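>
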Amino acid sequence: MDCQEFEELSGAYALDALTPEEKRLANEHLAQCSACQKLASELQATVNLLPLSVRLVEHSPLQKEALFARIQSTSPNAQIREHTRFARRRPLRRRTAWRALLAVAALLVILLAGMTFWNVNLQHQLATRPSAPIVYIVHGTGSSAQINGEAVFLPQQQETILIVHGLPRLSGTHIYQGWLLRNQQPTSIGTLSLNQGTAVLRFPGNLQAYEAIAVSKEPGPGASQSVPKGPIIMMSSLKEPATHGQLQEEKTGHILLTGSQGKWSAHV
1 MDCQEFEELS
11 GAYALDALTP
21 EEKRLANEHL
31 AQCSACQKLA
41 SELQATVNLL
51 PLSVRLVEHS
61 PLQKEALFAR
71 IQSTSPNAQI
81 REHTRFARRR
91 PLRRRTAWRA
101 LLAVAALLVI
111 LLAGMTFWNV
121 NLQHQLATRP
131 SAPIVYIVHG
141 TGSSAQINGE
151 AVFLPQQQET
161 ILIVHGLPRL
171 SGTHIYQGWL
181 LRNQQPTSIG
191 TLSLNQGTAV
201 LRFPGNLQAY
211 EAIAVSKEPG
221 PGASQSVPKG
231 PIIMMSSLKE
241 PATHGQLQEE
251 KTGHILLTGS
261 QGKWSAHV
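Counting along the sequence shown from 1, when you hit position 124 you're at 124 in the UniProt record's numbering, and nothing is skipped either side.
1. If I measure Cβ to Cβ from Ile175 and keep anything under 6 Å in the same chain, skipping five residues before and after, which residues do I get?
2. Any idea if residue 271 is buried or exposed, counting beta-carbon neighbours within 10 angstroms, 16 or more meaning buried?
3. Could you please give me the residues that DSSP links to Pro204 through a beta bridge?
4. Please confirm if the segment 226-237 is in contact with the segment 203-210, defined as three or more CB-CB distances below 8 Å between the two stretches.
5. Report back the beta-carbon spacing between Ala223 and Gln185 to the nearest angstrom; my notes put them in contact at under 8 Å.
6. Can you check which of these residues, Glu240, Ser236, Ala14 and Pro241, is closest to Gly142 by C-alpha distance?
7. Run the CB neighbour count on Ser53, radius 10 Å, all protein chains shown included, and call it buried at 16 or more, exposed below.
8. Around the Cβ of Pro133, are there at least 16 other Cβ atoms within 10 angstroms (buried) or fewer (exposed)?
9. Could you please give the first and the last residue of the uninterrupted alpha helix (DSSP H) stretch that includes Asn195?
10. Measure the CB-CB distance between Ser131 and Gln156 and report whether it falls below 8 Å.
11. Among Ser193, Leu162 and Pro168, whose alpha-carbon lies nearest the alpha-carbon of Ile213?
12. With a threshold of 6 Å on Cβ separation, who are the neighbours of Leu39 within its own chain once the five nearest residues in sequence on each side are excluded?
13. Can you name, in chain order, every residue of its own chain whose Cβ lies under 7 Å from the Cβ of Tyr210, other than the five neighbours on each side?
14. Compute the Euclidean distance between the alpha carbons of Ala145 and Ser188, then round it to the nearest angstrom.
15. DSSP beta-bridge partners for Thr187?
16. Judging by CA-CA distance, which residue of Leu207, Ala35 and Phe6 is the nearest neighbour of Ala151?
17. Quick one: what's Asn148 bridged to in DSSP?
18. Buried or exposed: which applies to Val227, given that a residue is buried once 16 or more other Cβ atoms fall within 10 Å of its Cβ?
19. Helix, strand or coil: how does DSSP classify Ala127 here?
20. Report the option in Leu154, Glu7 and Val135 whose CA atom is closest to the CA atom of Pro241.
21. In whole angstroms, what is the alpha-carbon distance linking Glu7 and Phe153?
22. Is it right to say Ser34 is buried, meaning 16 or more other beta carbons lie within 10 angstroms of its own, or is it exposed?
23. Please report the residue range of the alpha helix (DSSP H) in which Ala209 lies.
24. For the beta strand (DSSP E) containing Ser236, list its first residue and its last residue.
25. Please name the residue in Ala12, Ser193 and Gly172 whose C-alpha comes closest to that of His165.
26. Any idea if Cys36 is buried or exposed, counting beta-carbon neighbours within 10 angstroms, 16 or more meaning buried?
Written out as structure tokens, the structure reads:
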């Protein structure tokens with residue numbers, strides 16, 4: 001007998017329902033296979049718990065009275081024959097009932113183990129799954145309509161990346177500065193680094209707490225405080241993130257988002 005054959009008969013082995021020849025072969029296999037020994041021990045442990053799950057039932061006085069009356073009305077010889085017949089049937093009935101209970105218990109153990117494994121695996125997947133980035137499309141204003149880009153919030157890192165394309169080169173000490181607006185009050189988020197018409201600004205925080213995002217052209221050389229001193233060249237609402245279709249229509253193709261080990265990164 002090999003491991004596969006023993007696994008097929010393991011339930012019957014624990015229930016003591018094998019033929020003498022099958023039991024002999026199973027014992028010979030168990031003597032040299034530690035894996036099947038463990039399987040047999042686990043099933044036997046389940047079998048040993050079954051008596052504890054059976055609740056004893058106390059008969060009512062009326063049932064006892066009816067039983068005694070029937071016994072008294074029966075002749076002694078008939079009582080002996082009935083007792084002998086019942087004694088012969090009782091082991092078979094008890095064995096059949098125990099086997100049914102053990103089969104149900106074994107099935108419940110298997111189902112419970114499977115559901116537990118599935119639940120733990122699902123929780124692990126949800127816990128380690130990276131949150132998808134939230135993207136907002138940004139556009140230039142007035143004569144700066146050629147400006148476009150994306151503001152990308154990364155929930156896992158609680159960080160936002162603003163990427164703006166089509167910005168003209170600056171002269172002198174001028175700089176580009178980013179702003180977030182809430183209740184018409186601007187908050188500076190820093191200056192943008194410009195490289196061949198594309199500017200990038202990375203800053204901490206969640207865009208969903210604000211109403212709009214803007215970029216201004218400031219006199220420099222340092223960032224302006226409290227409010228912009230120069231013209232606003234880009235402003236976009238943050239009320240609704242961009243849909244997949246809107247991102248396809250923009251066809252900017254300037255940003256690549258990749259997720260790995262629960263974190264997202266943006267590459268320009």
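Even glycine gets a Cβ: it sits at the ideal position worked out from N, Cα and C.
Bear in mind that the values here come from a model prediction, so they are computed numbers and not experimental data.
In this structure, then:
1. Thr191, Glu218 and Gly220
2. Residue 271 falls outside the range modelled here, since the chain spans only 1 to 268, and no answer is possible.
3. Glu159
4. no
5. Incorrect: roughly 17 Å between the Cβ atoms, too far for contact.
6. Ser236
7. With a pLDDT of 47 at Ser53, under the threshold of 50, the modelled position of that residue is not reliable, and the figure given next carries that caveat. Ser53 comes out exposed.
8. buried
9. Asn195 -> not in any alpha helix (DSSP H); beta strand (DSSP E) instead, spanning Ser193 to Asn195.
10. yes
11. Leu162
12. Ser10
13. Leu180, Leu181, Arg182 and Leu238
14. 22 Å
15. Leu180
16. Leu207
17. Partner(s): His139 and His165.
18. exposed
19. With a pLDDT of 48 at Ala127, under the threshold of 50, the modelled position of that residue is not reliable, and the figure given next carries that caveat. Helix at Ala127.
20. Nearest of Leu154, Glu7 and Val135 to Pro241, Cα basis: Val135.
21. 53 Å
22. exposed
23. Per DSSP, Ala209 belongs to no alpha helix (DSSP H) and is neither H nor E.
24. Ile232 to Ser237
25. Ser193
26. buried
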